[in-house]
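*Asks:*
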Ligand SMILES: Cc1ncc(COP(=O)(O)O)c(C=O)c1O
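Residue numbers (the numbering used here): 4 to 368.
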């Protein structure tokens, strides 16, 4: 399998990726919401551009440095779905905002004042989204009175402007085996956000954007009237966590790791050259630890039972593995796996069609 590529390597099935990409765009279109794909999953400007070309309004990123990379590659509408805190980062944000349309998230008055001071003399105000906690209990406000108070502060501060509210229902990842609970979380996510937007509007604030999203909740939250923006990331590749959640099937998984069997120490065990440096040790975000093993070995009845840094230990009964065999592993968490590679190989009709640079990998700051 792909002798021209050394292993471990990251492969992307072009046809599956296209199907995922177009499917989510159609869903957003059907429910008349703007799609803003989160590029934390693929970290590749070329795929971000592909998402824009198929109808997305802009992109979301998790890190300022991801935004800087995407802007350098020609992406012009970037939402940093995260708080930007501290002098150094805010100076970088100010510089970025001179070049592209950028917004960020806030949930704290001191942070709003800090951003306002830095942007008071800017050529255009910085768009802010108040982050709402709809149950993940990470960042965000859940009390409408606190959100109104923050909106009031934004209205009085020079250099900043309220553009809307955002949330991420990441707690839906903890619903493996309970799809009803996942759907209920999606409805709560949407309904809480729409109610919050109504409270803010009643208090005299403009709320242009009501941004929600996670891949597990996307198909349900998008149906809640009043949502304006869907911010999803993982859907472009899917992974074993989405399969465990019953959100995707194996056939929907576009990303895999190409690996080589390097040892067959016994008749029920083989060792591959993909360990934690190639797959990550991720067993699922936000308590979703319901995946079996460290990834799914495509087409084999075998368990990737243990990883050390450079080795993966495969347990099986009755499969035949030989040194030199090549296997493909669907990672548990695609976003974490992508972050480990400099490049990915796009596979089209069984052939390596293109090498893609993962330009925003390792963006920490
Ligand atoms: C703030 C925020 N928005 C959107 C997403 C996208 O979620 P998903 O990858 O489940 O689509 C994430 C993912 O971590 C996130 O943290």
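Just so you know, even glycine gets a beta-carbon here, dropped at the ideal spot from N, CA and C. Small disclaimer: the values here were computed from a predicted structure and weren't measured.
What residues are listed by DSSP as bridge partners for residue 316?
*Replies:* By one-based count along the chain shown, residue 316 stands at place 313. In the DSSP output, where bridge partners are listed per residue, residue 316 has 274 and 309.
*Asks:* Rounding to the nearest angstrom, what Cα-Cα distance links residue 157 and residue 315 in this structure?
*Replies:* As a position in the chain shown, residue 157 is number 154, starting the count at 1. As a position in the chain shown, residue 315 is number 312, starting the count at 1. Going from the Cα of residue 157 to the Cα of residue 315 covers about 51 Å.
*Asks:* List the endpoints of the continuous beta strand (DSSP E) containing residue 13.
*Replies:* By one-based count along the chain shown, residue 13 stands at place 10. 12–16 is the span of the beta strand (DSSP E), which, as asked, contains residue 13.
*Asks:* Going by alpha carbons, who is nearest to residue 101 out of 81, 114 and 155?
*Replies:* In the chain shown, residue 101 corresponds to position 98, counting from 1. Comparing Cα positions, the closest option is 81.
*Asks:* Classify residue 170: buried if its beta carbon has 16 or more other beta carbons within 10 angstroms, exposed otherwise.
*Replies:* Here residue 170 corresponds to residue number 167 of the chain shown, with the count starting at 1. Buried: at least 16 other Cβ atoms inside 10 Å.
*Asks:* Between the region 210–224 and the region 184–196, can you find at least three pairs of beta-carbon atoms closer than 8 Å?
*Replies:* As far as the Cβ criterion goes, the region 184–196 touches the region 210–224, which means the pair count is three or higher.
*Asks:* Over the uninterrupted beta strand (DSSP E) stretch that includes residue 212, give me the two end residues.
*Replies:* The residue labelled residue 212 in the question sits at position 209 within the chain shown. Residue 212 -> beta strand (DSSP E) spans 212–215.
*Asks:* If we ignore side chains and look at the alpha-carbon of each, how far apart do residue 262 and residue 250 end up?
*Replies:* Translated into positions along the chain shown, residue 262 becomes position 259. Translated into positions along the chain shown, residue 250 becomes position 247. If I take the Cα positions, the gap works out to 26 Å.
*Asks:* Name the residue from 60, 133 and 173 whose alpha carbon lies nearest to the alpha carbon of residue 140.
*Replies:* Locating residue 140 in the chain shown gives position 137, counting from the first residue. Of the listed residues, the one whose Cα sits closest to residue 140 is 173.
*Asks:* Quick one: which unbroken alpha helix (DSSP H) runs of 4-plus residues sit fully inside the region 76–109? Chain order, please.
*Replies:* If we require 4 residues or more, the alpha helix (DSSP H) runs fully inside the region 76–109 come out as 90–100.
*Asks:* Does the region 234–241 touch the region 318–326, meaning 3 or more C-beta pairs lie closer than 8 Å?
*Replies:* Segments in contact, no.
*Asks:* Which of the three DSSP states is assigned to residue 140 in this structure?
*Replies:* Position 137 of the chain shown, counting from 1, holds the residue named residue 140. It is coil, neither helix nor strand.
*Asks:* Would you grab the beta carbon distance between residue 44 and residue 83 for me? Rounded to a whole angstrom, and I think it's under 8 Å.
*Replies:* Along the chain shown, one-based indexing puts residue 44 at 41. Along the chain shown, one-based indexing puts residue 83 at 80. In fact, because the Cβ distance is near 16 Å, the residues do not count as touching under 8 Å.
*Asks:* Pull the bridge partners of residue 63 from the DSSP assignment, please.
*Replies:* By one-based count along the chain shown, residue 63 stands at place 60. Residue 63 pairs with 41 and 82.
*Asks:* Do you know offhand how far residue 131's Cα is from residue 111's?
*Replies:* Translated into positions along the chain shown, residue 131 becomes position 128. Translated into positions along the chain shown, residue 111 becomes position 108. The alpha-carbon atoms of residue 131 and residue 111 are separated by roughly 12 Å.
*Asks:* So residue 282 and residue 264 are in contact, right, with Cβ under 8 Å, and what is the actual spacing, rounded?
*Replies:* Taking the first residue of the chain shown as 1, we reach residue 282 at position 279. Taking the first residue of the chain shown as 1, we reach residue 264 at position 261. Residue 282 to residue 264, Cβ: 15 Å. No contact.
*Asks:* Taking 7 Å as the line, does the beta carbon of residue 171 fall inside it for any heavy atom of ligand 1?
*Replies:* The residue given as residue 171 occupies position 168 in the chain shown. Flag set: Cβ of residue 171 near ligand 1.
*Asks:* For ligand 1, is there any heavy atom lying closer than 7 Å to the beta carbon of residue 235?
*Replies:* Residue mapping note: residue 235 aligns to position 232 of the chain shown, counting from 1. Correct: residue 235 has its Cβ closer than 7 Å to ligand 1.
*Asks:* Based on Cα-Cα distance, which residue from 271, 57, 247 and 311 lies nearest to residue 178?
*Replies:* To locate residue 178, count along the chain shown from 1; it is residue 175. Comparing Cα-Cα distances from residue 178 to each of 271, 57, 247 and 311, the minimum goes to 247.
*Asks:* With a cut-off of 8 Å, do at least 3 Cβ pairs link the region 330–337 to the region 23–36?
*Replies:* Because the criterion of three Cβ pairs below 8 Å is not met, the region 330–337 and the region 23–36 do not touch.
*Asks:* Can you name, in chain order, every residue of its own chain whose Cβ lies under 7 Å from the Cβ of residue 114, other than the five neighbours on each side?
*Replies:* Counting from 1 along the chain shown, the entry for residue 114 is found at position 111. Taken in chain order, the residues that qualify are 86 and 88.
*Asks:* According to DSSP, simplified to helix, strand and coil, what is residue 269?
*Replies:* The residue labelled residue 269 in the question sits at position 266 within the chain shown. Residue state, collapsed to three classes: strand.
*Asks:* Note down the Cα distance separating residue 13 from residue 343, rounded to an integer number of angstroms.
*Replies:* Indexing the chain shown from 1 puts residue 13 at position 10. Indexing the chain shown from 1 puts residue 343 at position 340. Distance between the alpha carbons of residue 13 and residue 343: 9 Å.
*Asks:* Using DSSP's beta-bridge definition, name the partner residues of residue 134.
*Replies:* As a working note, residue 134 is residue 131 in the chain shown. Partner(s): 169.
*Asks:* Work out the CA separation of residue 252 and residue 134 for me, nearest whole Å.
*Replies:* Position 131 of the chain shown, counted from the start, is the residue given in the question as residue 134. Position 249 of the chain shown, counted from the start, is the residue given in the question as residue 252. Computed Cα separation, rounded: 31 Å.
*Asks:* Can you tell me which of 55, 18, 184 and 296 puts its alpha carbon nearest to the alpha carbon of residue 244?
*Replies:* Taking the first residue of the chain shown as position 1, residue 244 is located at position 241. Among 55, 18, 184 and 296, the Cα nearest to that of residue 244 is on 296.
*Asks:* According to DSSP, is residue 295 helix, strand or coil?
*Replies:* Counted from its first residue, the chain shown places residue 295 at position 292. The answer is coil: DSSP assigns residue 295 none of H, G, I, E or B.
*Asks:* Smallest Cα separation from residue 357: which of 270, 50, 29 and 129?
*Replies:* The count along the chain shown starts at 1 and reaches residue 357 at position 354. Ranking 270, 50, 29 and 129 by Cα distance to residue 357 puts 50 first.
*Asks:* Can you tell me whether DSSP reads residue 260 as helix, strand or coil?
*Replies:* Taking the chain shown and counting its residues from 1, one reaches residue 260 at position 257. It is a strand residue.
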